[in-house]
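All residue numbers in the sequence shown are consecutive under the numbering used here, ending with 317.
In what follows, a single structure is set out as structure tokens and then discussed.
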Amino acid sequence: MNNIKIFSGTSNIPLAEAICKKLRTKLGGLDIKRFSDGEIFVEVNESVRGSDCFVVQSTSSPVNENLLELFVIVDALKRAAAKKVYAVIPYFGYSRQDRKVSDRSPITAKLICDLLVKSGIEEVILMDIHSGQIQGFFDVPVDHLYAAPIARQYFTKKYKKDLIIASPDAGGMERARRFAKKFGDLDLVVTDKRRPKPNVSEITNVIGNVKNKHVLLIDDMIDTGGTAAKSAAALVKSGAKSVSMFCSHGVLSGAALEIINKSHIDELVITDTINNQSKLKKVKKIRVLSVSNLIAKAIKRIIDKKSISDLFL
């Protein structure tokens, strides 16, 4: 790990520390402060001259704070003569704003990618990005990792038979199909969703047979939990034996925890791309799996100039 340094913003220090533990190195020293007016100040506490630097920062809530913090950290490292700066963004905020939804609306995900590159980032590691085209928004190399192998290891131990994969909507079918293939070509069903307005969804019916099956709902993220709860209810009504859900990113905003607790979801499994430690202390339905080993493997292969394609789904 000569001339390789790992740094972290404040959004997900536990994940950054876990990655460092896997790599048998220490987290780099950064002094991150907020002035009384809210401005962010960053100082690098060690020499990075000639070093390849990896910055771990999820741009989760507070999204804009964490995003700007990432910009400032990258700028500080570049001005301290770092050889190359990699952004490790386990959860990429604004990923749902990946296209124009009206004539005069922005494509904010593209803007964020442009700003990240402008700040000095030369390569990016992402995890289960919301939509594939975001990789093309960056003008630098992007390594896109998937949490499916972690989910497969967990759920195949739990369910030896009668497991079926489900997508909560038609838009997630490609993702669910990849999971089904990774799980050994399992059958696939979908719940038909309509979204009359943001963060509000209506489930109309289940397409496919789930009778007496253990259903595993797959999505990239769970936000308010409304879609997941309605999908689970529709699946149970259609005869599912049980409903579990796997989402890489536990956004869990608003009343999500209450909605999940009251839903037909028997277990929600998320990863630690977002730091939810304080939220989940009293929630028994939710289990967190770590992506630290997967990210550490990717970093190690990048350092060693080896292919990471077999880490992809």
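Glycine included, C-beta positions come from ideal geometry on N, C-alpha and C.
Since we're looking at a predicted model, the values are computed, not measured.
Bridge partner(s) assigned by DSSP for residue i
i: HIS218; result: LEU167, SER246
i: ASP223; result: CYS251
i: TYR90; result: PHE58, GLU127
i: ASN209; result: ASP196
i: ILE8; result: ASP56
i: LYS37; result: PHE45
i: THR63; result: According to DSSP, THR63 bridges with nothing at all.
Beta-carbon spacing of residue i, residue j below 8 angstroms
i: TYR95; j: PHE58; result: no
i: LYS88; j: ASP56; result: yes
i: VAL292; j: ASN265; result: no
i: LEU27; j: ALA300; result: yes
i: TYR98; j: ALA84; result: no
i: ASP196; j: ASN209; result: yes
i: ILE23; j: SER296; result: yes
i: GLN61; j: SER106; result: no
i: TYR163; j: VAL273; result: no
i: GLN281; j: PRO66; result: no
i: GLY33; j: ASN49; result: yes
i: LEU298; j: ILE154; result: yes
Beta-carbon separation (whole angstroms), residue i vs residue j, contact threshold 8 angstroms
i: LEU220; j: LEU167; result: 6 angstroms
i: LEU239; j: VAL214; result: 6 angstroms
i: ILE263; j: THR228; result: 7 angstroms
i: ILE269; j: ALA236; result: 5 angstroms
i: ILE226; j: VAL255; result: 6 angstroms
i: ILE222; j: GLY176; result: 7 angstroms
i: VAL194; j: ALA170; result: 7 angstroms
i: SER64; j: ILE278; result: 4 angstroms
i: GLU43; j: LEU31; result: Rounded, the Cβ-Cβ distance is 24 angstroms, inconsistent with contact.
From the options, residue whose alpha carbon lies closest to that of residue i
i: GLN101; options: ILE111, LEU190, ILE93, ASP107; result: ILE111
i: LYS186; options: GLU21, GLY13, LEU315, ALA20; result: LEU315
i: PHE250; options: VAL194, ALA152, ASN297, ARG182; result: ALA152
i: SER123; options: LYS82, ALA184, ASP223, ILE303; result: LYS82
i: THR275; options: VAL194, ILE312, VAL48, ASP224; result: ASP224
i: ILE10; options: GLU271, VAL78, THR63; result: VAL78
i: LEU284; options: ALA80, ALA260, GLN139, VAL52; result: ALA260
i: ILE211; options: ILE138, PRO172, SER62, ILE306; result: PRO172
i: ILE125; options: PHE142, LYS310, SER109, ILE138; result: PHE142
i: LEU120; options: GLY136, GLU21, GLY33, VAL76; result: VAL76
i: ASP118; options: THR160, ILE17, LEU71; result: LEU71
i: HIS134; options: VAL92, SER252, PRO66, LYS161; result: SER252
i: GLU47; options: ILE138, GLN137, ASP41, LYS37; result: LYS37
i: VAL52; options: LYS165, LYS310, ALA86; result: ALA86
i: LYS165; options: ARG156, ARG181, ILE138, HIS218; result: HIS218
i: GLY136; options: SER311, LYS309, ARG103, ASN68; result: ARG103
Burial state of residue i (16 or more Cβ within 10 Å)
i: ASP35; result: exposed
i: ARG179; result: buried
i: ASP147; result: buried
i: ALA233; result: buried
i: GLU73; result: buried
i: GLY258; result: exposed
i: ASN216; result: exposed
i: LEU115; result: exposed
i: PHE183; result: buried
i: ALA80; result: buried
i: GLY13; result: buried
i: SER267; result: buried
Neighbour flag for residue i against chain C, beta carbons, 8 angstroms
i: THR277; result: This model lacks chain C altogether, as it is built from one protein chain only.
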